[in-house]
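Here the structure comes first, spelled out in structure tokens, and everything after it is commentary.
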Amino acid sequence: MATEERLLRLENAYITLSDLAARAEERAAKVDERLDTLTELALNFDSRMDRITETQARTEANLEALTTIVGEFDNRMDRITETQARTEANFAALTTIVGEIGRKVDRLTETVDRYISEGRNGQS
950 MATEERLLRL ENAYITLSDL AARAEERAAK VDERLDTLTE LALNFDSRMD RITETQARTE
1010 ANLEALTTIV GEFDNRMDRI TETQARTEAN FAALTTIVGE IGRKVDRLTE TVDRYISEGR
1070 NGQS
């Protein structure tokens, strides 16, 4: 092999290596770009997860507060139901008493009428 051929082969090898190095640099640049994109996406994901975690904590706190309110509401409804039952019992007792008073007033009226009638009959 002649020196010129060796030199030509070396030049061709150098050109090929230069092309390969240039492509490797392009690939490295693309990989860096993709890594930057992935890093940004990961940061966005972390930020969103933090917001989701905060929202979930607030939701759980609200749910706990709502559960407490519902429990208090149930207690108040129980007290209202008990009060309503007592009121109805008192109303029934009052109705009975009013009925008795009505009968007593009727008897009193009859008695007064009888005394008045007898008194008039006795004076005649």
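Counting from 1 along the sequence shown, just add 949 to a position and that's the residue number in our numbering. For glycine and all other residues, C-beta sits at the position ideal for the given N, C-alpha and C. Computed from a predicted model, the values in this text were never measured in an experiment.
Check                                                                                                                         : Outcome
In angstroms, rounded to a whole number, what distance separates the CA positions of Glu-982 and Ile-1001?                    : 28 Å
Buried or exposed: where does Ser-1073 fall if 16 or more other Cβ atoms within 10 Å of its Cβ makes it buried?               : Residue confidence is low: Ser-1073 scores 49 on pLDDT, short of 50, so the model does not pin down where it sits. Its coordinate-derived value is still stated next. Burial call: exposed.
Determine the direct distance from the alpha carbon of Arg-1025 to that of Ala-1042, and round the result to whole angstroms. : 25 Å
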